[in-house]
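**Q** In the working numbering, the protein residues as written are 7 to 164. For every residue, glycine included, the Cβ atom is placed at its ideal position computed from N, Cα and C.
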Amino acid sequence: MLHCLRISSGRASFCSRCVRTYKYTLEQQSGSSLLPKFFSGFRGLAGVARAAVSMLRVLTGQFNPRKGIGVANTSLAYLGAHPKKDPETGEMFAFRWGLLPPFLTYFVLDADGTKRCPDVPIFSNMRRPSFMHDFAITKKYALFCDMQLGMSGNIFRF
């Protein structure tokens, strides 16, 4: 998807378009996924290879399942994908999303990488967690685009 957010004369408009990439076209023609994706499962020979790599990570000590199955070896799990750095001050702006309210919090790191203030909860009309990937900043504002792709615990019900 290609997204555009335009802010002009005190008004904001958002546009989103599907881009038919080479990968998309190949997978549409074949009727199935050809290249691994973030949410892809362990199926077929490629799945066996991914499982072998995962086991190798455990055996070499790069990953310790007793310490959890987090998304990274960091305390910043659920951190937005692209923090923003102010070229003038050196400050880094970022956000976290979570599974419980407030679903979105915003924070700032000093130029030396120190977080000096607590997270600021972003209260909006979000009723559930969202797969928020990125955000934008201006000199005065931080802009968060709440996607239509949200999370629900319904898939875990038995």
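Relative to the C-alpha of Thr144, which residue among Leu32, Ala117, Glu94 is closest?
**A** Ranking Leu32, Ala117, Glu94 by Cα distance to Thr144 puts Glu94 first.
**Q** Can you tell me whether DSSP reads Val25 as helix, strand or coil?
**A** Of the three classes helix, strand and coil, the one that applies to Val25 here is coil, per DSSP.
**Q** When we look at the beta-carbon of Phe109 and count the other beta-carbons within 10 Å, is it buried (16 or more) or exposed?
**A** Buried.
**Q** Skipping 5 residues on each side, what residues in its chain have a beta carbon closer than 8 angstroms to that of Ser22?
**A** Same-chain partners within the cutoff: Met7, Leu8, His9, Cys10.
**Q** By how many angstroms is the C-alpha of Phe99 removed from the C-alpha of Val126?
**A** Cα to Cα, the separation comes out at about 12 angstroms.
**Q** Take Gly37 and list the residues in its own chain whose beta-carbon comes closer than 7 angstroms to its own, dropping the five residues that flank it on each side.
**A** Once the five neighbours on either side are set aside, Gly37 has no close Cβ partner at all.
**Q** Given a cut-off of 7 angstroms, decide if Phe101 and Gly86 are closer than it, judged by their beta-carbon atoms.
**A** Yes, they are a contact pair.
**Q** Which whole-angstrom value describes the C-beta separation of Phe141 and Phe150, a residue pair presumed to lie in contact below a C-beta threshold of 8 angstroms?
**A** Indeed they touch by this definition, with Cβ atoms about 5 angstroms apart.
**Q** For the putative contact between Tyr201 and Ala57, defined by C-beta atoms under 8 angstroms, what is the C-beta separation to the nearest angstrom?
**A** Because the chain in this structure spans residues 7 to 164, residue 201 falls outside the shown range and cannot be described.
**Q** Which residue marks the beginning of the beta strand (DSSP E) containing Cys123, and which one marks its end?
**A** It is not in any beta strand (DSSP E) - Cys123 carries neither H nor E in the DSSP assignment.
**Q** Rounded to whole angstroms, what is the Cα-Cα separation between His139 and Leu105?
**A** Rounded to whole angstroms, His139 to Leu105 spans 15 angstroms at the Cα level.
**Q** Restricting to Cα atoms, I'd like to know which of Gly16, Pro107, Ser14, Ser39 is closest to Met132.
**A** The candidate whose alpha carbon is nearest that of Met132 is Pro107.
**Q** Take Phe137 as the anchor and find which of Asp152, Lys146, Pro124 has the nearest alpha-carbon.
**A** Comparing Cα-Cα distances from Phe137 to each of Asp152, Lys146, Pro124, the minimum goes to Asp152.
**Q** Can you name the start and end residues of the beta strand (DSSP E) that Ser14 belongs to?
**A** Unbroken beta strand (DSSP E) run through Ser14: 8 to 14.
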